[in-house]
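S.K.: For reference, the structure I am asking about is given below.
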Amino acid sequence: MRPMRLSATVLACTAMMLGAGCEKKPAAGTTASAGTSASAAPAGISPELAAKVLAKVGDHEITLGEYAATLERMDPFERLRYQSADRRKQLLDELIDLQLLADEARRRGLDQQPETQERVRQMLRDELLAQVRASTPPPADISEADARRYYDEHRDDFREPERRRVAHIALPSEAEAKAVLEKAQNASPAEWGKLVAEKSRDSRNKPSASLPPELAGDLGIVGPPGHPRGDNPNVPDALRAAVFEVDKLGGVLPRPVAAGGLFHLVRMTGKTDARDRTFQDAERSIRVALTQERLRAREAELEQELKKKYPVTIDEAQLAKLPLPAPSAKAGK
1 MRPMRLSATV
11 LACTAMMLGA
21 GCEKKPAAGT
31 TASAGTSASA
41 APAGISPELA
51 AKVLAKVGDH
61 EITLGEYAAT
71 LERMDPFERL
81 RYQSADRRKQ
91 LLDELIDLQL
101 LADEARRRGL
111 DQQPETQERV
121 RQMLRDELLA
131 QVRASTPPPA
141 DISEADARRY
151 YDEHRDDFRE
161 PERRRVAHIA
171 LPSEAEAKAV
181 LEKAQNASPA
191 EWGKLVAEKS
201 RDSRNKPSAS
211 LPPELAGDLG
221 IVGPPGHPRG
231 DNPNVPDALR
241 AAVFEVDKLG
251 GVLPRPVAAG
261 GLFHLVRMTG
271 KTDARDRTFQ
281 DAERSIRVAL
291 TQERLRAREA
301 ELEQELKKKY
311 PVTIDEAQLA
321 KLPLPAPSAK
331 AGK
C-alpha cells in the first residue's frame, strides 16, 4: 500500500463510511465507497456517466460519480491540487486506500465503538449545519434598506470611543515612585526608556533592539473606564482610569497609582479621538452581522422543528444521580 497521505476531505469520508456501517452494513455486491451513491450525479455529470466504475476494491465499486462528488466537496484551494492527470490518479489512489482502510476498520469492529459512532454523529451534525449555512443568502444579498435599518437601530455599536495607549513604570513603594516621578514627567522618549529599563519591576516591554524607547513599559490600548469595548486584560482598572486623567500626549500622571501591590507611574503614549462610523464604513460588517443573525435563526428554527418531530424527554432525577469526576491534581493548582 502507498504511504498514507490522504487529504482532509478523503479522511473525513472514512468516518462517514464507518458511520454507514454503524447503522447498517451494505449487502454483498453493493456500492458503499466515498460516501455517495452511484446514482447521485454531481453537477455537470449525467446519471449514466456517474454510474461508470473507475475501480473495484473487493466487493465495492468506486464510480465516476463518487469520484466527482469527492472533488466537489473540497474547498476551491484544495481542489486546485487535482488539476493534472497525475494528481487525478493520486486522488483515485487515495479513494482506494480509503475504501481498504474503512473495510478493514469494519472487519475489526471499529464502526461499533462508541467513540467512532460519536465522531460520526458530530460529522453528520456538521454536514447538516453546513447545508443550512449554504442555503442562507450571503451578505451581498442583504438589502440596503435592511442594512440601514440595522445601522439606525444599533447606533451605539458604531460609536468608537476615544482610545489611549498606556505605558508605565512599576515600583515597589510609593516613596520610590514619587522619587522617580519628577524625572518621568520631564523625560524625553529616550530618557523614559532608560527609566523603564533601570527602575521598573515589570520585566515586560523593556527597551531593546526591537523595542524603541518610546514604547518602553507599553501595556497596550484602552477605552474610557466602564466602556464595554475599552477593556484590556494587561491594564489594571486603576491604570485604565489614570491614563484618562493625563492631559496631553506624552504626559505622565502627576501622582503614583497603586495597583497589584505596586505603585505605577502612568504615561499616555498614544491617543485616538472618538468618532462615529458612517453607514458606508460599517455596511460590510452590518451585512455580515445580519447574515449571521439569520443563520442563527435558521439553526434555531431547525432545532425546534426537529424537537416537535422527535419529542425529547430528559430524566432529571437520573441526571442528578450521575457522579461528577473528581478534579485532577493539575486542576487544583
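Residue numbers (our numbering): 1 to 333.
Yeah, the Cβ is synthetic: ideal placement off N, Cα and C, and Gly gets one too.
#1: Below 8 Å between beta carbons: does that hold for P207 and V196?
#2: Does DSSP classify R73 as helix, strand or coil?
#3: According to DSSP, what are the bridge partners of K271?
#4: Between the C-alpha atoms of F77 and S200, what's the straight-line distance to the nearest angstrom?
#5: Based on the DSSP output, what are the partners of R159 in its beta bridges?
#6: Please report how far the alpha carbon of P26 lies from the alpha carbon of G109, in whole angstroms.
#7: Assess, as a yes-or-no matter, whether the segment 150 to 159 is touched by the segment 169 to 184 under the definition of 3 or more beta carbon pairs within less than 8 Å.
#8: Ordered along the chain, which non-local residues of its own chain (more than five positions away) have a Cβ less than 8 Å from that of P137?
#9: Which residues mark the beginning and the end of the alpha helix (DSSP H) in which D103 is found?
#10: Could you tell me if I314 is buried or exposed, where buried requires 16 or more neighbouring beta carbons within 10 angstroms of its beta carbon?
#11: Can you tell me whether D273 is buried or exposed, with buried defined as 16 or more other CB within 10 angstroms of its CB?
#12: In terms of DSSP beta bridges, what is L265 paired with?
#13: Short of 8 Å in beta carbon distance, which residues of its chain neighbour F263, apart from the five on each side in sequence? Order them along the chain.
#14: Kindly indicate the opening and closing residues of the alpha helix (DSSP H) around K194.
#15: If you draw a straight line from the C-alpha of R81 to the C-alpha of K89, how long is it?
#16: Give a yes or no on whether the C-beta atoms belonging to E283 and A130 are separated by under 8 Å.
#17: Do A51 and T346 count as a contact pair if the criterion is CB distance below 8 Å?
#18: Where L334 and D218 are concerned, what is the direct C-alpha to C-alpha distance, given to the nearest angstrom?
#19: Please report how far the alpha carbon of T278 lies from the alpha carbon of F158, in whole angstroms.
#20: Quick one: what does DSSP say S208 is sitting in, helix, strand or coil?
#21: With 16 as the cutoff for other CB atoms within 10 Å, does R73 come out buried or exposed?
#22: Assuming L181 is part of the beta strand (DSSP E), what are its boundary residues?
#23: Using only alpha-carbon positions, find the residue among L215, E214 and A238 that is nearest to P224.
#24: What does DSSP give as the partner residue(s) for A258 in the beta ladder?
#25: So, using beta-carbon positions, are R165 and G44 closer together than 8 Å?
#26: Express the C-alpha separation of P139 and E245 in angstroms, rounding to a whole number.
#27: Between which two residues does the beta strand (DSSP E) harbouring T116 extend?
#28: Determine the direct distance from the alpha carbon of E160 to that of I286, and round the result to whole angstroms.
#29: What is the DSSP secondary structure of K52, reduced to helix, strand or coil?
#30: Going by other Cβ atoms of all chains shown within 10 Å of its Cβ, with 16 needed for buried, is D75 buried or exposed?
#31: Give the straight-line distance between the Cα atoms of S135 and R296, rounded to the nearest whole angstrom.
#32: In three-state DSSP terms, what is D334?
#33: For a test of the three-state rule: what should DSSP assign to G220, helix, strand or coil?
#34: Would you call L91 buried or exposed, if buried means 16 or more other Cβ atoms sit within 10 Å of its Cβ?
M.R.: From the atom records:
#1: yes
#2: It is helical.
#3: R164
#4: Distance between the alpha carbons of F77 and S200: 49 Å.
#5: D276, per the DSSP bridge assignment.
#6: Interpretation of P26 is limited by its pLDDT of 42, a score under 50 that renders its predicted location unreliable; no figure is taken from the coordinates.
#7: Touching, no, given that fewer than three Cβ pairs across the two stretches are closer than 8 Å.
#8: T291 and R294
#9: A85 to R107
#10: exposed
#11: exposed
#12: I169.
#13: A170, L171, P172, S173, E174, E176, A177, P256 and V257
#14: That run of the alpha helix (DSSP H) goes P189 to K199.
#15: 12 Å
#16: no
#17: The shown model of the chain, from 1 to 333, leaves out residue 346, and the question about it has no answer.
#18: This structure leaves residue 334 out entirely; the chain is present only between 1 and 333.
#19: 8 Å
#20: strand
#21: buried
#22: Unbroken run through L181 is the alpha helix (DSSP H), E174 to Q185; no beta strand (DSSP E).
#23: A238
#24: F263
#25: For R165 and G44, no; Cβs fall outside 8 Å.
#26: 42 Å
#27: Careful: T116 lies outside any beta strand (DSSP E), inside the alpha helix (DSSP H) at P114 to S135.
#28: 15 Å
#29: coil
#30: exposed
#31: 12 Å
#32: In this structure the chain extends from 1 to 333, so residue 334 is not present and cannot be described.
#33: Strand.
#34: buried
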